[in-house]
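See below for the structure under consideration.
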Amino acid sequence: MSLPPRVMNARNLFKQHLDQRDWSDLTPGRRRILEVFLKLATFEGYSAVTMRLLAKEANVKASSIYFHFPEGRSEIVAESLRWHYSNWGYAVLDAIDKTSSIDEFWDALVVTAAKRQISHPASDLWDLLVRMDRIGGFLDIEFRHEIDYWLDLCAGLFETAAEEMGYLPSKRTVRAIMALLDAASTWCEWSGDPAELEACADQAVLLSRRILTSQEKITRAARSCSGG
Numbered sequence: 022m023s024l025p026p027r028v029m030n031a032r033n034l035f036k037q038h039l040d041q042r043d044w045s046d047l048t049p050g051r052r053r054i055l056e057v058f059l060k061l062a063t064f065e066g067y068s069a070v071t072m073r074l075l076a077k078e079a080n081v082k083a084s085s086i087y088f089h090f091p092e093g094r095s096e097i098v099a100e101s102l103r104w105h106y107s108n109w110g111y112a113v114l115d116a117i118d119k120t121s122s123i124d125e126f127w128d129a130l131v132v133t134a135a136k137r138q139i140s141h142p143a144s145d146l147w148d149l150l151v152r153m154d155r156i157g158g159f160l161d162i163e164f165r166h167e168i169d170y171w172l173d174l175c176a177g178l179f180e181t182a183a184e185e186m187g188y189l190p191s192k193r194t195v196r197a198i199m200a201l202l203d204a205a206s207t208w209c210e211w212s213g214d215p216a217e218l219e220a221c222a223d224q225a226v227l228l229s230r231r232i233l234t235s236q237e238k239i240t241r242a243a244r245s246c247s248g249g
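Position one of the sequence shown corresponds to residue 22 (the working numbering), numbered consecutively onward.
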């Protein structure tokens, strides 16, 4: 890669956070429980997932769940969310590390985020659970801070990349682009056709750049009116 230092710094902070969690100790049993929990919560609803239902679908005894996750439901929720965002993060890293220009970096970032959101139903659940926690506060405080930090790291990738492309994105602009990608499964309405997924990803890139351009025009107009 030959990218601007600020972008590389944002990328390195992103990777450093991901690497803090070593998933090599994730046993097949623990992984099975995490994956089944996300699947059940996605299709049955978060509140509907009881330990009994989880044990049945994972084909394990309820006591085995507590053996793998002594803290029970709260630990399973946190590890499921962490496991999901870790997979998402490494997919993004794999994509952006193959780029050699800032424009390629932006497109790879947006395309990967859009495709993951559209093709992985658990992505919508992840967003929903985080929003629900903002209201109900069911996550442990320490883990909530971890999620907030993670989202800041994600925003940092978008913000620094946009700035290096010559834009002056506000925090609101960055949030708008991230919200666009978070809602990709809704506006894309993917049928499962790979070609359609590519088209939706291309549209995400186009829309993200239009948001940047429109924000830049507003900024310039404001400066003109103020005499700057």
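Beta carbons are placed, not taken as given, at the ideal position from N, Cα and C, and that holds for glycine.
Just to confirm my understanding: we take E180, look at its own chain, exclude 5 residues before and 5 after, and list those with CB closer than 7 Å. What are they?
As a first step, residue 180 is located in the sequence shown; it is residue number 159 there, counting from the start. The residues are P190 and V195.
Contact defined as beta carbons within less than 8 Å: I believe L102 pairs with E78. What is the distance between those atoms, to the nearest angstrom?
Taking the first residue of the sequence shown as 1, we reach residue 102 at position 81. Taking the first residue of the sequence shown as 1, we reach residue 78 at position 57. Actually they do not touch by this definition, with Cβ atoms about 19 Å apart.
Measure the C-alpha to C-alpha separation of I86 and M72 and round it to an integer number of angstroms.
On the sequence shown, position 65 is the one that residue 86 refers to. On the sequence shown, position 51 is the one that residue 72 refers to. Each residue's alpha carbon lies about 8 Å from the other.
In whole angstroms, what separates the C-alpha of A222 from that of S84?
Locating residue 222 in the sequence shown gives position 201, counting from the first residue. Locating residue 84 in the sequence shown gives position 63, counting from the first residue. So the alpha carbons of these two residues sit roughly 43 Å apart.
Kindly list the residues whose CB is nearer than 6 Å to the CB of L146, restricted to its own chain and excluding five residues on each side of it in sequence; keep chain order.
As a first step, residue 146 must be located in the sequence shown, where it is residue number 125. Taken in chain order, the residues that qualify are A62 and T63.
Could you tell me which of Q224, L149, A204 and I97 sits nearest to L47, measuring between CA atoms?
Indexing the sequence shown from 1 puts residue 47 at position 26. Looking at the Cα atoms, I97 is the closest of the given residues.
Thinking C-beta only, is F90 closer than 9 Å to R51?
On the sequence shown, residue 51 is found 30 positions in, with the first residue counted as 1. On the sequence shown, residue 90 is found 69 positions in, with the first residue counted as 1. Result yes, Cβ atoms of R51 and F90 sit closer than 9 Å.
Would you mind giving the Cβ-Cβ distance between L39 and S140, rounded to the nearest angstrom? I have them listed as a contact below 8 Å.
Here residue 39 refers to the residue found at position 18 when the sequence shown is read from its first residue. Here residue 140 refers to the residue found at position 119 when the sequence shown is read from its first residue. Rounded, the Cβ-Cβ distance is 20 Å, inconsistent with contact.
Would you mind stating whether L114 and F58 have Cβ atoms separated by less than 9 Å?
Taking the first residue of the sequence shown as position 1, residue 114 is located at position 93. Taking the first residue of the sequence shown as position 1, residue 58 is located at position 37. Taking 9 Å as the Cβ cut-off, L114 and F58 do not qualify as a contacting pair.
Outcome for H166 when other beta-carbon atoms lying within 10 angstroms are tallied against a minimum of 16
Taking the sequence shown and counting its residues from 1, the one referred to as residue 166 is at position 145. The residue is exposed, with fewer than 16 neighbouring Cβ atoms inside 10 Å.
So what's Q138 in DSSP terms, helix, strand or just coil?
The residue labelled residue 138 in the question sits at position 117 within the sequence shown. Helix, per DSSP.
Under the three-state DSSP convention, the category R42 falls into:
Position 21 of the sequence shown, counted from the first residue, corresponds to residue 42. DSSP places R42 in coil when its eight states are reduced to three.
From R94 to D169, what does the alpha carbon distance come to, in whole angstroms?
To locate residue 94, count along the sequence shown from 1; it is residue 73. To locate residue 169, count along the sequence shown from 1; it is residue 148. Looking at the two C-alpha atoms, the distance is approximately 21 Å.
Endpoints, alpha helix (DSSP H) assigned at T265:
Outside the displayed range of the chain (22 to 249) lies residue 265, so it cannot be described from this structure.
Please classify L32: is it buried, with 16 or more other beta-carbons within 10 angstroms of its beta-carbon, or exposed?
Reading the sequence shown from its first residue, position 11 is the one you call residue 32. For clarity, residue 32 is Arg in the given sequence; the question names Leu instead. Burial call: buried.
Would you please state the rounded distance, in angstroms, between the beta carbons of V28 and E185? I believe it to be under 8 Å.
Translated into positions along the sequence shown, residue 28 becomes position 7. Translated into positions along the sequence shown, residue 185 becomes position 164. Rounded, the Cβ-Cβ distance is 6 Å, consistent with contact.
Quick one, are the C-beta atoms of V131 and L202 less than 9 Å apart?
If you number the sequence shown from 1, residue 131 lands on position 110. If you number the sequence shown from 1, residue 202 lands on position 181. It is a contact, given that the beta carbons lie within the stated cut-off.
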